[in-house]
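Peer 1: Residue 0 is where the sequence shown starts when you use numbering that gives the first Met the number 0, and the numbers rise one by one after that.
Submitted below is the structure of interest, expressed as structure tokens.
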Amino acid sequence: MKNTSSIPMYLDKKGIMEVYEASLKSDAVDIVCMSHNYQAVLGDYFDNTYAPRLYDNCRQTREILPQKDLKNASPESDRKKHQVRYVTTNETSESDMMIFDNKVVLISFSHESPFAIVISDKEIVNGFKVRFAALWKACEVE
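This is the structure:
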């Protein structure tokens, strides 16, 4: 059996920003944000450019953040459309995951070599959706 799936890789700040911009075209985005130091790679892009458009009520979001990481949480104005839950962990990871439009995006904020990969294989995407749903149920509600 031949696998025809491809996994594009987006390198450095510009590539990661391209993937974030693609998520803004979606009606729904699920996010696991474990990074605490994404600014070292993205500068002020995430907080000043991307986040205001992510939370502009054009799409539904569900975010899983480490513990009570309120600085990265969506605005409280519309918690039905922008839901947030928290995972308790002492581990750190400069990485994020997004699920949207039948794609999974894995982002590494490695200072040496930041990148994002986009996976569109149906079985892998479904597996990540199942994992996200299980983690969502297990997480602490705000």
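Note that the Cβ used here is the ideal one computed from N, Cα and C, for glycine as well.
Pull the bridge partners of residue 99 from the DSSP assignment, please.
Peer 2: Here residue 99 is taken as the residue at index 100 of the sequence shown, counted from 1. Note: residue 99 sits in a beta bridge opposite 102.
Peer 1: When the distance is taken between beta carbons, is residue 15 closer than 8 Å to residue 53?
Peer 2: Here residue 53 corresponds to residue number 54 of the sequence shown, with the count starting at 1. Here residue 15 corresponds to residue number 16 of the sequence shown, with the count starting at 1. In this structure, residue 15 does not lie closer than 8 Å to residue 53 by Cβ.
Peer 1: Using alpha carbons as the reference points, say which of 6, 109, 32, 11 lies closest to residue 60.
Peer 2: Here the question's residue 60 lines up with position 61 in the sequence shown. Residue 32 is the option with its Cα nearest to residue 60.
Peer 1: Only counting the same chain, and skipping five residues up and downstream in sequence, which positions put a Cβ closer than 6 Å to that of residue 118?
Peer 2: The residue labelled residue 118 in the question sits at position 119 within the sequence shown. Contacts found: 6, 103.
Peer 1: Could you please give the first and the last residue of the uninterrupted alpha helix (DSSP H) stretch that includes residue 19?
Peer 2: Within the sequence shown, numbered from 1, the residue matching residue 19 stands at position 20. Run containing residue 19: 11-22, per the alpha helix (DSSP H) assignment.
Peer 1: Check whether the Cβ of residue 51 lies closer than 8 Å to any Cβ atom in chain C.
Peer 2: Going by chain labels, chain C is absent from the structure shown, which holds only one protein chain.
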